[in-house]
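Q: Sharing a structure here in structure tokens format.
2 protein chains.
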Amino acid sequence: MKPSVGIRDVAQHAGVSNATVSNVLNRPDVVAPATRQRVLAAIEELGFVRNESARQLRAGSSRVIAYVVLDAANPFFTDVARGVEDAAREAGLALFLCNSASDGGREREYLELLHEQRVEGILITPVDAASARIAERGTPVVLVDREATDGTRCSVAVDDVLGGELAVTHLIENGHTRIAMIGGPLSIQQVRDRREGAMRALTNAGLPADALTFLETRSLQVAEGRGAGERLVGLPASRRPTAAFCANDLLALGLLQSMTQQGLRVPDDLAVVGYDDIEFAAAAAVPLTSVRQPREQLGRTAAQLLLTENEPDHEHRHVKFQPELVVRASTAIKRRP
Amino acid sequence: MKPSVGIRDVAQHAGVSNATVSNVLNRPDVVAPATRQRVLAAIEELGFVRNESARQLRAGSSRVIAYVVLDAANPFFTDVARGVEDAAREAGLALFLCNSASDGGREREYLELLHEQRVEGILITPVDAASARIAERGTPVVLVDREATDGTRCSVAVDDVLGGELAVTHLIENGHTRIAMIGGPLSIQQVRDRREGAMRALTNAGLPADALTFLETRSLQVAEGRGAGERLVGLPASRRPTAAFCANDLLALGLLQSMTQQGLRVPDDLAVVGYDDIEFAAAAAVPLTSVRQPREQLGRTAAQLLLTENEPDHEHRHVKFQPELVVRASTAIKRRP
DNA sequence: CCTCGATGTTGAAACGTTTTAACGCCTGAG
DNA sequence: CTCAGGCGTTAAAACGTTTCAACATCGAGG
Chain H
31 MKPSVGIRDV AQHAGVSNAT VSNVLNRPDV VAPATRQRVL AAIEELGFVR NESARQLRAG
91 SSRVIAYVVL DAANPFFTDV ARGVEDAARE AGLALFLCNS ASDGGREREY LELLHEQRVE
151 GILITPVDAA SARIAERGTP VVLVDREATD GTRCSVAVDD VLGGELAVTH LIENGHTRIA
211 MIGGPLSIQQ VRDRREGAMR ALTNAGLPAD ALTFLETRSL QVAEGRGAGE RLVGLPASRR
271 PTAAFCANDL LALGLLQSMT QQGLRVPDDL AVVGYDDIEF AAAAAVPLTS VRQPREQLGR
331 TAAQLLLTEN EPDHEHRHVK FQPELVVRAS TAIKRRP
Chain P
31 MKPSVGIRDV AQHAGVSNAT VSNVLNRPDV VAPATRQRVL AAIEELGFVR NESARQLRAG
91 SSRVIAYVVL DAANPFFTDV ARGVEDAARE AGLALFLCNS ASDGGREREY LELLHEQRVE
151 GILITPVDAA SARIAERGTP VVLVDREATD GTRCSVAVDD VLGGELAVTH LIENGHTRIA
211 MIGGPLSIQQ VRDRREGAMR ALTNAGLPAD ALTFLETRSL QVAEGRGAGE RLVGLPASRR
271 PTAAFCANDL LALGLLQSMT QQGLRVPDDL AVVGYDDIEF AAAAAVPLTS VRQPREQLGR
331 TAAQLLLTEN EPDHEHRHVK FQPELVVRAS TAIKRRP
């Protein structure tokens with residue numbers, strides 16, 4: 031490792047004091063143009079890179095925020111992250127992405143690390159309700175895609191109950207009366223909310239609660255969707271649902287694959303609704319009906335809320351967006367031959 | 031903001047010196063169990079969080095590495111990132127993900143930031159050749175999915191020339207003699223390599239170079255694939271290729287969508303080969319033939335190489351993996367009615 | 001000629017840790 | 001009783017910045 035050139039080396043090389051170098055770095059306008067040039071030249075020549083730790087230690091602020099994402103492999107979250115990043119960069123902040131991968135332990139570790147790093151703020155889509163209540167340790171936290179139940183912090187969410195209701199109402203209107211909902215684990219708030227919305231749709235339509243079969247999955251990933259498909263087909267034909275509402279598009283895509291593999295047709299044998307409307311939903315084997323959420327706006331808004339967090343008269347806000355149903359081929363009206 | 035409790039506050043509260051608190055934090059075994067308990071209790075009680083900046087400033091090391099990814103929305107890279115993270119976490123390092131989003135400026139900013147942060151090491155899939163040559167500033171850098179041409183750093187790559195050759199050879203064997211390659215911009219090394227492989231396949235089969243029409247795109251994203259599809263269909267039927275090799279799966283998925291929309295059939299009117307074999311390739315409208323790369327292993331290996339970087343007798347290594355063709359429906363043999 | 005304000009520069013004191021050498025205490029051996 | 005050695009603890013010196021009050025220098029206004 032190089033002897034690591036510091037601000038004093040630069041100062042000496044340029045024939046000024048270290049305070050002046052610091053000024054060139056942080057308040058260029060306050061130093062005379064000639065000196066500034068000389069210092070910049072010295073910086074260039076010596077290959078000086080400011081030591082952020084020292085800067086932060088003294089200055090107290092870090093110019094970095096972080097987004098702890100639930101599943102970096104889910105395009106929904108990468109889209110949210112893009113919104114976050116755009117907003118952050120407009121505000122002159124850098125963004126660190128951390129992937130909890132739905133693992134509470136990992137999430138805790140990252141939060142601890144971020145607190146230690148004294149980031150300016152943390153955006154998080156928490157793994158479960160417990161972690162959503164994480165002790166605030168001086169760093170502002172904004173919940174993303176999850177509503178803060180207590181008023182202790184800001185949150186940006188989408189009305190998942192409404193989303194579930196939209197999806198299942200659509201299926202009911204298409205004539206389905208035996209419907210499966212696929213999703214899990216139930217420790218995830220979104221899954222619970224979407225199920226609640228589904229139940230509400232049944233009630234609204236005067237259908238009994240057992241018109242909905244809930245198949246719980248271990249995660250919200252493609253492979254689990256395939257597994258659920260097999261379980262579904264395994265059911266006796268008389269009780270087998272004619273439509274499925276998946277808690278996200280990854281599950282729906284897996285389900286779709288599984289149906290094709292088992293020789294069943296979508297939507298004829300099984301209508302499918304997904305959730306999130308990720309880009310791949312439209313490109314699927316059967317273009318997927320899905321519930322669209324304003325992904326980038328979700329992230330962008332969350333970042334903006336975070337920025338208001340240390341304003342003097344800040345009070346926590348809870349923004350809630352409306353989802354929207356996008357109808358495609360996977361729920362085309364059932365043919366009655 | 032809270033008055034921020036420091037190590038000395040803890041020390042005072044526990045009736046010991048700050049050095050002892052530091053020992054509890056870093057070398058718990060060296061301090062007497064009773065004292066340790068007392069200190070831990072004080073930490074808990076005061077809600078002390080170690081200031082990482084100060085730690086790092088004094089200790090010199092950061093326990094963090096970073097992966098600057100080319101496109102966080104591309105599942106290929108999130109899979110690579112997962113491999114990186116697994117390896118990092120096994121080594122007790124945290125991983126920060128930075129998304130350059132194929133933007134050279136963004137990439138430079140992040141690299142600067144990471145240097146300032148004095149991260150232990152940087153993994154990067156660079157935007158273009160210029161950025162791949164980025165001045166090393168004391169922080170070890172490993173190239174991911176790109177070969178380091180000079181011997182100045184380690185790299186982990188996949189043989190893209192071979193990949194392109196596999197894809198196009200497969201198309202030729204299926205009887206295609208007018209083939210399109212879709213990808214870009216050409217500033218991306220992978221695109222150039224895959225095209226070179228495609229040309230080699232032509233040569234091997236004794237086909238003229240103009241059997242391959244290269245359609246350059248502005249990026250490697252789904253929307254560009256759709257655009258390319260329209261351009262393709264716009265060609266006079268006599269010159270229109272009967273098969274397309276896409277530089278990645280996102281383009282291929284876009285192309286697929288575009289074909290369906292324009293009423294053409296895959297593979298009958300156009301056979302399609304993608305690249306990367308992302309999870310969604312198998313779930314596409316027409317399951318996609320694709321060139322598979324060992325994604326997670328790529329990331330894992332890169333992280334491991336990075337870790338060897340500050341061993342005393344380190345010499346830069348260039349690992350190169352072999353890709354593999356996965357044949358699916360999108361290149362099923364052309365029917366000749 | 002003196003004073004004043006503006007403009008540029010600087011010396012030195014933080015910031016909150018880790019680290020090192022030294023310290024006091026206790027125990028067991030001589 | 002003395003002394004060597006081990007053990008646990010500590011005072012104080014870093015680490016590389018930023019910041020602030022103070023200090024030159026200079027031109028203009030009185």
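Top line first, the protein sequences correspond to chains H and P.
Using our numbering, the first residue of the first sequence is number 31, and each one after it goes up by one.
Using our numbering, the first residue of the second sequence is number 31, and each one after it goes up by one.
Positions of the beta carbon are idealized from the N, C-alpha and C atoms, including for glycine.
#1: Can you list, in chain order, the residues of its chain with a C-beta nearer than 6 Å to that of P:I154? Leave out the 5 residues immediately preceding and following it.
#2: Looking only at DSSP bridge pairs, what is H:S320 linked to?
#3: P:V174 lies in the beta strand (DSSP E); which residues open and close that run?
#4: According to DSSP, H:T243 sits in a beta bridge with which residue or residues?
#5: By alpha-carbon positions, which one of P:S320, P:G284, P:R330, P:L337 ends up nearest to H:R314?
#6: On the DSSP bridge list, what partners appear for H:F275?
#7: Could you please give me the residues that DSSP links to H:F107 through a beta bridge?
#8: If you drop the 5 nearest sequence neighbours on each side, which residues of the same chain put their C-beta closer than 6 Å to that of H:P367?
#9: Does H:V114 come out as helix, strand or coil in the three-state DSSP assignment?
#10: Can you check the region 52-133 of chain H for any beta strand (DSSP E) of at least 3 residues that lies completely inside it and give the ranges in chain order?
#11: Are the CB atoms of P:V110 and P:L335 within a distance shorter than 8 Å?
#12: Using a 10 Å radius around the Cβ and a threshold of 16 neighbouring Cβ atoms, would you call H:N81 buried or exposed?
#13: With 8 Å set as the bound, which would you pick, yes or no: does the beta-carbon of H:M31 sit closer than that to a beta-carbon of chain P?
#14: Taking DSSP as the reference, what is the three-state secondary structure of P:I154?
#15: Given a cut-off of 8 Å, decide if H:V316 and H:V303 are closer than it, judged by their beta-carbon atoms.
#16: Look at H:A231 and H:L245 and say whether their C-beta atoms are less than 8 Å apart.
#17: Got a sec, what are the start and stop residues for the alpha helix (DSSP H) H:F310 sits in?
#18: Just grab the DSSP bridge partners of P:S249 for me.
#19: Less than 7 Å between C-beta atoms, sequence neighbours within five positions excluded: which residues of the same chain meet that for H:G214?
#20: CA-CA distance, H:T290 and P:V54?
#21: Quick one: does H:A117 have its CB under 8 Å from some CB of chain P?
#22: Sort H:Y305, H:V356, H:A267, H:V35 by Cα distance to H:P105 and report the nearest one.
#23: Enumerate in chain order the residues of its own chain whose CB-to-CB distance from H:R322 is below 6 Å, with the five nearest sequence positions on each side excluded.
#24: List the residues of chain H that P:D109 touches, going by C-beta distances under 9 Å, in chain order.
#25: Looking at P:V157 and P:L100, is the spacing between their C-beta atoms short of 8 Å?
#26: Which stretch, first to last residue, makes up the alpha helix (DSSP H) that contains H:A228?
#27: How many Å lie between H:G227 and H:L280 at the Cα?
#28: Under 8 Å between beta-carbons, which chain P residues line up against H:A312? List them in chain order, please.
#29: How is the beta strand (DSSP E) around H:A187 delimited, first residue to last?
#30: Please name the residue or residues paired with P:H145 in a DSSP beta bridge.
A: On the basis of the data shown:
#1: V98
#2: H:G304, H:V356
#3: 171-174
#4: H:A210
#5: First, the residue type needs correcting, since residue 314 of chain H is Ala and not Arg in the sequence shown. Comparing Cα-Cα distances from H:A314 to each of P:S320, P:G284, P:R330, P:L337, the minimum goes to P:G284.
#6: H:M211, H:V303
#7: Note: H:F107 sits in no beta bridge, so no partner.
#8: Unreliable placement is indicated for H:P367, whose pLDDT of 48 sits below 50; the coordinate value is still reported in the next sentence. Excluding sequence neighbours, H:P367 sits near nothing in its chain.
#9: helix
#10: 94-99, 124-129
#11: no
#12: buried
#13: In this prediction, H:M31 scores a pLDDT of 45, lower than 50, which makes its location untrustworthy; the coordinate-derived value is nonetheless stated afterwards. It does: the Cβ of H:M31 has a partner Cβ on chain P nearer than 8 Å.
#14: strand
#15: no
#16: no
#17: 309-312
#18: DSSP output for P:S249 lists no bridge partner at all.
#19: V221, E246, T247, R248
#20: 59 Å
#21: no
#22: H:Y305
#23: D307, E354, V356
#24: A103
#25: yes
#26: 219-235
#27: 20 Å
#28: Q287
#29: 184-188
#30: Partner(s): none; P:H145 has no beta bridge.
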